[in-house]
Structures are given as structure tokens and as C-alpha cells.
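K.L.:
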Amino acid sequence: MNGKILIVEDDISFGTMLQKWFEKNGFSAKWCAGMVSAQESLADSTYDIVLSDLRLPDGDGIMLLSWMHERYPSVPVIIMTGYGEIQTAVSAIKLGAFDFLEKPINPSVLAEKIEAAFKDRKETENILRKHSQEKKKKEKRGGTVEGCSPLSSRMYSFINTVAPTSMAVMIIGESGTGKEHAARMIHERSQRAHGPFIAVDCGSLSIELAPSELFGHKKGSFTSAIEDKVGFFAEANGGTLFLDEVGNLPYGVQMQLLRTLQEKKIRPVGATTDLEVDVRIVTATNENLEKAIAHGRFREDLFHRLNEFMIEVPPLRSCKDDIPLYAEHFVDEANAELDKKVRFISAKVFSRLETYSWPGNLRELRNVIRRAVLFSPGDTITLESLPFLSEKSVEENKEADVSLNVSPEEEKEKIVRALEKTKGNKSRAAILLRIDRKTLYNKIRKYGL
Ligand SMILES: Nc1ncnc2c1ncn2[C@@H]1O[C@H](COP(=O)(O)OP(=O)(O)OP(=O)(O)O)[C@@H](O)[C@H]1O
9 MNGKILIVED DISFGTMLQK WFEKNGFSAK WCAGMVSAQE SLADSTYDIV
59 LSDLRLPDGD GIMLLSWMHE RYPSVPVIIM TGYGEIQTAV SAIKLGAFDF
109 LEKPINPSVL AEKIEAAFKD RKETENILRK HSQEKKKKEK RGGTVEGCSP
159 LSSRMYSFIN TVAPTSMAVM IIGESGTGKE HAARMIHERS QRAHGPFIAV
209 DCGSLSIELA PSELFGHKKG SFTSAIEDKV GFFAEANGGT LFLDEVGNLP
259 YGVQMQLLRT LQEKKIRPVG ATTDLEVDVR IVTATNENLE KAIAHGRFRE
309 DLFHRLNEFM IEVPPLRSCK DDIPLYAEHF VDEANAELDK KVRFISAKVF
359 SRLETYSWPG NLRELRNVIR RAVLFSPGDT ITLESLPFLS EKSVEENKEA
409 DVSLNVSPEE EKEKIVRALE KTKGNKSRAA ILLRIDRKTL YNKIRKYGL
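First residue of the sequence shown? That's 9 in my numbering, and the numbers climb one at a time after it.
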């Protein structure tokens with residue numbers, strides 16, 4: 009039997025004797041005299057089993073055990089106890105020790121327990137390997153996962169119901185919840201899956217260029233039209249056109265869009281004839297369009313045309329049960345991208361992730377996990393890899409309920425307040441306002457801030 013054992017024992021002669029015994033029996037063994045040197049060895053190399061004395065000069069076996077539980081949860085720890093320390097040994101088992109050994113050590117009992125620990129380590133490895141193979145299979149299915157919490161399941165069942173129809177779908181939800189992901193899923197599960205999926209950020213369309221971007225133009229129809237241009241509608245012919253942040257669509261273009269949807273025809277700028285198009289429209293918004301209608305920023309007739317079926321993507325804070333699934337998926341994604349080998353997320357990190365309010369939703373979770381993977385020295389994400397999620401940020405986010413969907417004056421005031429609160433940091437301000445950064449930039453430009 010081969011394997012690598014770390015012995016943690018402050019008694020030099022007993023420690024070296026154990027090391028020799030292991031080496032004689034075909035193992036590779038390292039001996040450390042204290043908790044700190046054991047922690048250093050574990051950070052430097054991979055061990056299959058840790059055999060630790062209960063009493064150490066700079067700590068004890070229980071402290072080492074809970075430290076290992078956070079960082080190396082798959083490595084079995086066997087605690088060695090002296091005579092009369094059975095009660096502490098029981099506590100060690102409760103805290104996750106694999107087993108305990110009473111001193112003086114009986115070699116045949118030691119061999120038996122080491123063999124059992126190896127078997128346990130192998131089984132854990134197999135489970136992890138199976139888990140990671142399943143994840144890889146899932147990734148091949150499109151690099152996304154489906155949440156299983158009640159709200160997520162409801163959303164996916166709506167997606168499955170509406171996808172095969174030709175209905176115009178409006179997806180609502182906070183910034184970063186996965187609205188574009190939902191739109192792609194509707195496309196992929198529709199009869200048009202073989203056709204193109206074209207995503208357009210309506211916030212980036214200027215009043216002047218929006219008609220040409222959407223419907224195309226003829227060469228020479230305006231000064232900068234040096235050649236014919238195919239617009240997004242023609243590009244999406246036979247597929248799905250996803251209009252993201254549709255509330256930002258310039259008012260002047262809204263009538264043209266309505267006409268296109270009703271007649272299923274487009275007329276490129278400068279053209280004299282119409283072109284037939286077969287496009288399914290899916291839109292997304294993180295603002296309340298009914299309020300935009302009341303304030304005269306969005307046409308009511310267009311709203312009803314786009315909103316034949318509405319799907320709400322829930323915020324992450326309402327789907328806490330999904331957090332472990334998404335977090336593990338983002339760990340795999342970051343490992344592949346950053347060439348890292350993080351395999352675990354500690355229990356404390358999971359509970360921290362579950363108590364955070366996630367104002368930036370899945371996008372924020374993905375960013376947090378990517379940074380944590382990048383900064384994790386070992387194979388486990390621990391609280392030390394998460395300095396970004398400070399307690400302060402939770403409180404800050406709780407009090408910062410400054411959503412938009414109000415009159416232009418109030419909206420401007422809220423943006424100014426969010427910028428003041430974040431000392432001008434636009435990314436954080438966008439998170440506080442629960443809008444995406446692009447929308448914030450557009451609004452800053454609009455209000456001349
Ligand atoms: N089901 C999912 N599985 C894995 N990753 C996801 C899933 N849904 C969303 N994401 C990831 O979360 C991030 C945000 O998703 P997406 O862009 O779809 O959100 P959004 O609601 O459209 O954002 P915005 O409001 O800013 O337009 C992206 O990085 C996306 O890859």
C-alpha cells in the first residue's frame with residue numbers, strides 16, 4: 009500500500025519512530041513537531057492521511073482538525089490520544105476526525121486504521137471524480153446550470169411552456185439575474201433553435217443611429233452610409249431577436265418597431281421597398297415599464313405587443329437554495345479559465361454566501377467566486393479568500409434600496425445619491441441602484457451628471 013502520511017507529534021523519538029514504521033511498511037511519511045509546521049507542510053504538499061497527537065506545543069489536534077476541515081476536508085485525520093483522554097477523542101470524532109488511536113500505539117491497530125482511512129479517502133476521491141464528470145457533462149450542455157429552488161423551477165417551467173410557441177416574451181428581473189440566459193434558453197428550446205440568436209443592448213442605440221442599426225440602411229442614404237448595412241432584424245431572420253434593456257429604446261424608434269412587429273416587414277433607411285422578416289422578439293427589462301409608460305417614456309401599445317407572455321427571473325436572494333449549485337459551477341468555470349485546481353468551498357464560506365444579499369445577483373456571485381478562485385492558494389475556498397464580501401457590504405446593500413422606476417427628477421436624485429455613497433464608483437453605484445453599468449452610463453449622460 010502506497011501513500012503519503014503526515015505525522016504531527018511533539019515527542020521527537022516517538023515521531024521519528026512512527027515515521028520509520030510507516031516507511032518500513034511502504035508509505036512515504038513526513039514528521040512535524042507542531043501545529044504550525046504541520047500547516048506549512050500541508051500547504052506545501054498533498055497528503056493522504058494526517059496522524060496527529062492531541063496535545064501539541066503550539067496548539068492541539070482539535071485546532072488542527074478544524075483548520076483542516078476548512079481547507080482540506082477530504083483528507084482523513086486520525087487523532088492520537090493519551091490514557092484517559094477518551095472524552096476528547098469523542099469530541100474530535102464529532103468535529104470530523106476520521107478516527108482516534110490510544111497511546112501506547114498498537115502497530116496492528118495502527119495498520120488497520122490507516123487502511124480504513126485510505127479506503128475512505130479513495131471513496132471520497134471517487135465521489136468527487138464522479139461529481140466532476142457529471143458537471144463536465146452538464147457544461148457540454150451549454151455551460152450553464154438550472155437552479156432547483158421553487159422560484160427557479162417555476163421560471164424554467166414557464167420557459168419550457170412558452171419556448172415552442174411564437175409568442176413575444178418579455179423577461180423582467182433585476183440586473184445580473186440571468187435574463188439573457190433565459191432568452192437564449194427560450195431560443196434554444198424553440199423551433200427556431202437552428203436559426204440565429206441576435207442580442208441587442210437597446211441602451212447603446214442612439215436616437216440618430218437606432219433605425220439604421222435595427223432595420224439597416226442603403227449606401228448613400230446619409231453622410232456616413234458608405235455602404236449597404238444589414239440591420240439586426242435582417243440578421244435575426246429565421247431566429248430570435250433579443251432586445252435587452254428595452255426600456256432604453258429611444259422613443260422615436262418605438263413606433264417603427266411596433267409597425268415592424270405588426271406587419272412583419274422592415275424598410276431599411278433610404279430604401280424604397282419593404283423586406284419581409286420572420287423574427288421572434290424576446291425582450292428584457294430591469295425597470296418597471298408600466299411606470300415608464302405613465303411617465304411618457306414608453307409606448308403602451310408597444311408594451312402590450314412585446315408582452316404576450318411575461319417571465320420573471322427571481323433575484324438570487326430569493327433563491328438561496330440555488331447558491332451552492334451556482335457557486336460550484338462558477339468554481340469549475342474559473343478553474344478552467346484561470347488554470348487553477350480549486351475543488352472545495354468550505355462550510356463557513358457557504359453560509360457566508362447564503363447570508364449575503366447579492367444586489368448584483370448571479371453576475372456578482374460569479375465575480376466573487378472568480379476572484380476567490382484566483383486568490384485561493386490551496387484546493388479550498390476559505391473565508392480568507394473572500395475579503396471582498398465584508399460584513400459592511402451586506403449592511404450597505406441592505407440599506408441601499410434605491411431602485412429606479414420613478415419620475416426623472418427622483419431618478420436623477422437617486423443616481424446622485426448612489427454616486428455620492430460610492431464616492432463616484434460607477435460599478436458599485438450601478439449595483440446599489442440595481443441597474444446594469446451600461447444603463448447607469450446612459451442615465452449619467454442623459455442627466456448630464
Ligand atoms: N443559469 C445560469 N448558469 C450559469 N451562469 C449563469 C446562469 N444565468 C446567468 N448566468 C451568468 O450570470 C451572469 C449574468 O447573466 P445575464 O447576463 O444573463 O444577466 P442579465 O439579467 O441579462 O443581466 P443585465 O440585467 O445586466 O442585462 C452571466 O455571467 C451569465 O453567464
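Beta carbons: idealized from backbone N, C-alpha and C, even for Gly. Quick caveat: nothing in here was measured; it's all calculated off a predicted structure.
From the DSSP output, in three-state form, read off H202 for me.
P.N.:
It is coil, neither helix nor strand.
K.L.:
Does the distance from the CB of M178 to the CB of L314 come in under 8 Å?
P.N.:
Against a cut-off of 8 Å, the Cβ pair of L314 and M178 comes out as a contact.
K.L.:
Smallest Cα separation from F205: which of V290, A233, K121 and Q270?
P.N.:
When only C-alpha atoms are compared, the closest one is V290.
K.L.:
For F208, which residues from the same chain have a beta carbon less than 8 Å from its beta carbon, with the 5 sequence-adjacent residues on both sides left out?
P.N.:
Note that residue 208 is Val in the sequence shown here, rather than Phe. Taken in chain order, the residues that qualify are E221, L222, F240, L249, F250, L251 and D252.
K.L.:
Please go through the region 78 to 141 and give each complete beta strand (DSSP E) segment of 3 or more residues, from N-terminal end onward.
P.N.:
Counting only runs of 3 or more, we get 85 to 89 and 107 to 110.
K.L.:
Which of the three DSSP states is assigned to E253 in this structure?
P.N.:
E253: coil per DSSP, three-state reduction.
K.L.:
Taking only runs of the beta strand (DSSP E) that begin and end inside the region 242 to 323, which ones reach a length of at least 3 residues, in chain order?
P.N.:
248 to 252, 288 to 293 and 317 to 320, all fully within the region 242 to 323.
K.L.:
Using alpha carbons as the reference points, say which of G247, I443, S74 and N375 lies closest to A176.
P.N.:
Comparing Cα positions, the closest option is G247.
K.L.:
Whole angstroms are fine: how far does the CA of M318 sit from the CA of F166?
P.N.:
Going from the Cα of F166 to the Cα of M318 covers about 9 Å.
K.L.:
So is E407 buried or exposed if we call it buried at 16+ other beta carbons inside 10 Å?
P.N.:
For E407, the predicted model reports a pLDDT of 37, less than 50, meaning its position is unreliable; a value from the coordinates is still stated below. Result: exposed.
K.L.:
Taking just the CA atoms, how far does A342 sit from I94?
P.N.:
For I94 and A342, the distance between alpha carbons rounds to 44 Å.
K.L.:
Comparing the CB of K187 with every heavy atom of ligand 1, is any distance shorter than 7 Å?
P.N.:
True, at least one ligand heavy atom lies under 7 Å from that Cβ.
K.L.:
In whole angstroms, what separates the C-alpha of A191 from that of Y55?
P.N.:
Distance between the alpha carbons of A191 and Y55 is about 46 Å.
K.L.:
Quick check on the burial criterion: 16 or more other C-beta atoms within 10 angstroms. Buried or exposed for S508?
P.N.:
Summary: the structure shown does not reach residue 508, with the chain confined to residues 9 through 457, and so no result is reported for it.
K.L.:
Would you kindly work out how many angstroms separate the C-alpha atoms of A438 and S365, rounded to a whole number?
P.N.:
Roughly 15 Å separates the two Cα atoms.
K.L.:
For L14, does the count of other Cβ atoms within 10 angstroms reach 16, so buried, or fall short, so exposed?
P.N.:
Classification of L14: buried, given that the 10 Å Cβ count is 16 or more.
K.L.:
CB-CB under 8 Å to N10, same chain, minus the five flanking residues each way: which ones, in chain order?
P.N.:
These residues qualify, in order along the chain: G34, F35 and S36.
K.L.:
In this structure, how does DSSP classify E403 when only helix, strand and coil are distinguished?
P.N.:
Reliability of the predicted coordinates at E403 is poor, the pLDDT of 41 falling under 50, and the value obtained from them is presented with this limitation in mind. E403 falls in the helix class under three-state DSSP.
K.L.:
Mind checking whether G69 and A41 have CB atoms under 8 Å apart?
P.N.:
Not in contact: G69 and A41 (Cβ atoms no closer than 8 Å).
K.L.:
Hey, how far is the Cα of F30 from the Cα of V83?
P.N.:
Those two C-alpha atoms are separated by around 18 Å.
K.L.:
For G368, does the count of other Cβ atoms within 10 angstroms reach 16, so buried, or fall short, so exposed?
P.N.:
Under this definition G368 is a buried residue.
K.L.:
Rounded to a whole number of angstroms, what is the C-alpha to C-alpha distance between A300 and R197?
P.N.:
For A300 and R197, the distance between alpha carbons rounds to 31 Å.
K.L.:
Using three-state DSSP, classify C40 as helix, strand or coil.
P.N.:
It is a strand residue.
K.L.:
May I ask you to report which of helix, strand or coil DSSP gives R436?
P.N.:
In the structure shown, R436 sits in a helix (DSSP, three-state: H, G or I).
K.L.:
Identify, in the order they occur along the chain, each residue of the same chain with its Cβ nearer than 8 Å to the Cβ of V153, setting aside the five sequence neighbours on each side.
P.N.:
These residues qualify, in order along the chain: K146, L333, Y334 and H337.
K.L.:
Shortest alpha-carbon distance to H77 belongs to which of D61, I101 and M88?
P.N.:
Nearest of D61, I101 and M88 to H77, Cα basis: I101.
K.L.:
Go ahead and pull the three-state DSSP assignment for G211.
P.N.:
In the structure shown, G211 sits in a helix (DSSP, three-state: H, G or I).
K.L.:
In whole angstroms, give me the CA-to-CA distance for T96 and G186.
P.N.:
So the alpha carbons of these two residues sit roughly 49 Å apart.
K.L.:
Can you tell me which of H303, E362 and V238 puts its alpha carbon nearest to the alpha carbon of R275?
P.N.:
Checked all of H303, E362 and V238; the closest Cα to R275 is V238.
K.L.:
Taking the alpha carbon of R200 as the reference point, which residue from D66, K226, G184 and A171 has its own alpha carbon closest?
P.N.:
When only C-alpha atoms are compared, the closest one is A171.
K.L.:
Determine the burial state of F230: buried for a count of at least 16 other Cβ atoms within 10 Å of its Cβ, exposed for fewer.
P.N.:
Exposed, since its Cβ has fewer than 16 Cβ neighbours within 10 Å.
K.L.:
When burial is assigned at 16 or more other CB atoms within 10 Å of the CB, is M263 buried or exposed?
P.N.:
Counting Cβ neighbours within 10 Å, M263 comes out exposed, since fewer than 16 surround it.
K.L.:
For D409, is the classification buried or exposed, using 16 other Cβ atoms within 10 angstroms of its Cβ as the cut-off for buried?
P.N.:
For D409, the pLDDT reaches just 42, beneath the cut-off of 50, and the residue's location in the model is therefore unreliable, although a value from the coordinates is still provided. Burial call: exposed.
K.L.:
What are the boundary residues of the beta strand (DSSP E) that S60 is part of?
P.N.:
Here the beta strand (DSSP E) through S60 covers I57 to D61.
K.L.:
Between E392, N433 and K451, which has its C-alpha nearest E421's C-alpha?
P.N.:
Closest option to E421, Cα to Cα, is K451.
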